[in-house]
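Numbering (our numbering), first residue to last: 213 to 621. Glycine included, each C-beta is placed from N, C-alpha and C at the ideal position.
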């Protein structure tokens, strides 16, 4: 997440920051800095910073940004480095600003259902803290147990629940931000409604550090769901049939909490790694979660089940057992690291209209055949967000070239 700050030389910025910040805040040891130069995007290029800075306060962040502005030094903001697109990768001669020391949950207001947190706090830590007050923070990217709120804000992270409950932008009420000049501003307000002026808060969410450095986030919360959700599982012989099931659920009017897809490559990789007794006979697994309470929820789950069966599921079932449901959704979250064990992954992130999920899955499958590449599919299928993963055996340069051709296809 890089901010370009002018044409002046970056010489001396490390010394300037060392002189102005507390002891231990500035790191220039190349061996230590090596842990901060890239995220989880194995194919994305990265450079070497002149310093890594770990501030604790907004004032210290402002000092870092001001120093970079004065010297024309590129600034890259980094959360936990869990991203898959190279957004937190260093560039040569930059300063990396790591938010790992800004981890406070400053306040939780149950009456107004808001929380104020620093950018380095882990998503799951927020979820656990607010749950003690009967509240819920819905955005749950696959990395929610290790990714930061600041990183989630920077990328407008979604997650499995975003189909029904929305993405990070829907839960950010206000931000404290250090702009590229070093000026500290507050955007938005801690109120449920605020229609005054431009939506600069919304502009900042998803800007990936290019407009400023977020130092505080005011989050909107929801009450915890009333009861355990119902999980509906469908097994399919083809990606086409699974895509048709997604289209049928969309047309039915039911909005599940989640509607997730894993193909055979994902299932096999997870099973070989974790031994979860997954069904490896199916080509595709669809997972739906319904949390509507009472009879309406029963009806919604029944509708999803019928949609799966009508689309040609070789097997479909529903379950209210929380342990079973969590195991299946855990398999979904484990798919990426399980595949990563097989070799470097080239990761795509594509959105299509929900009615064209089938078409997109077929196109991905065809590209893999044309170029002789294994393409695994994970998808937030319910909102048309697909993650084709191009699997390349380690050290196979020809396979890497073919994967790049398929990626560009």
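- Item | Residues near residue 370 in its chain [Cβ-Cβ closer than 6 Å; skip 5 each side] | 379
- Item | Secondary structure of residue 531, DSSP reduced to three states | strand
- Query: Hey, would you say residue 600 sits closer than 8 Å to residue 560, going by beta carbons?
  - Reply: yes
- Task: Tell me whether residue 348 sits in a helix, a strand or coil according to DSSP, three-state version.
- Result: strand
- Message: Between which residues of its own chain and residue 394 is the CB-CB distance below 7 Å, once the five residues before and five after are set aside?
- Response: 274, 277, 278 and 281
- Task: Check the C-beta distance from residue 474 over to residue 429 and give it rounded, since I have them as a contact under 8 Å.
- Result: Not really, about 31 Å apart at Cβ, beyond 8 Å.
- Who pairs with residue 446 in a beta bridge, going by DSSP? 498 and 528
- Message: Going by DSSP in three states, residue 242 sits in which element: helix, strand or coil?
- Response: helix
- Item | Which listed residue (431, 568, 397 and 352) has its alpha carbon closest to that of residue 545 | 352
- Roughly how many angstroms separate the alpha carbons of residue 219 and residue 289, rounded to a whole number? Legend: pLDDT at residue 219 = 42, less than 50; position of this residue unreliable, value from coordinates given subsequently. So the alpha carbons of these two residues sit roughly 19 Å apart.
- Query: How many angstroms separate the CA atom of residue 413 from the CA atom of residue 260?
  - Reply: 31 Å
- Would you identify the three-state DSSP class for residue 173, choosing helix, strand or coil? Residue 173 cannot be examined here, being either before or after the span of the chain that is shown, 213 to 621.
- Message: Only counting the same chain, and skipping five residues up and downstream in sequence, which positions put a Cβ closer than 8 Å to that of residue 229?
- Response: 237, 238, 263, 265, 275, 276, 279 and 307
- Please name the residue, chosen from 315, 343, 613 and 300, that lies closest to residue 366 on a Cα-to-Cα basis. 300
- Message: I need the straight-line Cα distance from residue 617 to residue 587, nearest angstrom please.
- Response: 12 Å
- Given a threshold of 16 other Cβ atoms within 10 Å of its Cβ, counted over all protein chains shown, does residue 293 qualify as buried or as exposed? buried
- For residue 267, name the three-state secondary structure that DSSP assigns. coil
- Message: Between the alpha carbons of residue 339 and residue 605, how many angstroms are there, rounded?
- Response: 37 Å
- Is the shortest distance between the beta-carbon of residue 241 and the beta-carbons of chain D less than 8 Å? No chain D appears in this structure, which consists of one protein chain only.
- Query: Using DSSP with H/G/I as helix, E/B as strand and the rest coil, what is residue 420?
  - Reply: coil
- Quick one: residues in its chain with C-beta nearer than 7 Å to the C-beta of residue 614, no 5 flanking neighbours on either side, listed in chain order? 583, 584 and 585
- Message: Suppose only complete runs of 3+ residues qualify. What are the beta strand (DSSP E) ranges in the stretch 275-356, listed by chain order?
- Response: 287-290, 307-310, 317-321 and 326-329
- Query: For residue 330, does the count of other Cβ atoms within 10 angstroms reach 16, so buried, or fall short, so exposed?
  - Reply: buried
- Message: Closer than 8 Å is the cut-off here; do at least three beta carbon pairs connect the stretch 453-461 with the stretch 418-433?
- Response: no
- Can you tell me the Cα-Cα spacing of residue 572 and residue 590, whole angstroms? 13 Å
- So what's residue 451 in DSSP terms, helix, strand or just coil? helix
- residue 392: which of 453, 512 and 309 sits nearest, CA to CA? 309
- Message: My output table needs one value for residue 216: the three-state DSSP class, helix, strand or coil.
- Response: With a pLDDT of 47 at residue 216, under the threshold of 50, the predicted position of this residue should be treated as unreliable, and no value is reported.
- Task: Would you kindly work out how many angstroms separate the C-alpha atoms of residue 531 and residue 507, rounded to a whole number?
- Result: 15 Å
- Could you have a look at residue 547 and say whether DSSP puts it in helix, strand or coil? helix
- For residue 619, which of helix, strand or coil comes out of DSSP? helix
- Distance, residue 446 Cα to residue 522 Cα: 11 Å
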